[in-house]
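Numbering (the working numbering), first residue to last: 1264 to 1451.
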């Protein structure tokens, strides 16, 4: 599955002047962190170069997986037309792009992401390219979920494996209580 044109162009623009050796090294480091399932208190994409490595190496597959899940949801529930999205662990906005592509009538989105570097890139990629009214919020999925309004679609994709197993039941329960219609969990 191809990335939306505006997203692909935005990513290409961000990566245009990045030295290939530095990008390859950052991609190796990021991949090692994911494979090791490191839960050392550091964000996988806490630094600018790690975010760029993610965009170059993981975004296309993540987008395809998320979009396939949304397509399956749309096929199973043709009446479901979400107007609001709450995305936990939003990364660079992958779920936002896929949801807006699946349901163009999406009106608003709240994207919760702990990494300032990722939020900055996500905001930059979406600015002027997506019509959805999006709010990017700094937050840790395990502690910062108070004060959010319910949303038609709540999503958490490729996040749960980064959270301590003991925290998962409470997190999923909190997400379920915020869900106005559908809770979508995407994990490998």
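From the three backbone atoms N, C-alpha and C, an ideal C-beta is built for every residue, glycine too. Note that this is a predicted model, so its numbers are computed, not measured.
Secondary structure note for residue 1338: its alpha helix (DSSP H) is the uninterrupted segment 1322-1339.
Residue state for residue 1439 is assigned as helix, using DSSP reduced to three classes. Straight across, the Cα-Cα distance linking residue 1338 with residue 1362 is about 14 Å. Per DSSP, the beta bridge partners of residue 1371 are 1347 and 1396. In the structure shown, residue 1281 adopts coil according to DSSP, grouped into three states.
The residue from 1312, 1326 and 1271 with its alpha-carbon nearest to that of residue 1451 is 1326. In the displayed model, residue 1418 falls within a strand according to three-state DSSP. Contact fails between the region 1429-1443 and the region 1371-1380, because fewer than three Cβ pairs, one in each stretch, are under 8 Å apart.
Between residue 1422 and residue 1398, the C-beta gap is not smaller than 7 Å, which leaves the two residues out of contact. For residue 1449, the beta-bridge partners assigned by DSSP are 1420.
Distances from the CA of residue 1383 to each of 1268, 1290, 1437 and 1310 were compared; the closest alpha carbon is that of 1310. Taking the Cα of residue 1270 as reference, the smallest distance to any Cα among 1290, 1322, 1412 and 1281 is reached at 1322. Where residue 1385 is concerned, the enclosing alpha helix (DSSP H) starts and stops at 1379-1389.
7 Å or more divides the Cβ of residue 1345 from the Cβ of residue 1360. Under the DSSP assignment, residue 1366 falls outside any alpha helix (DSSP H); it carries neither an H nor an E label.
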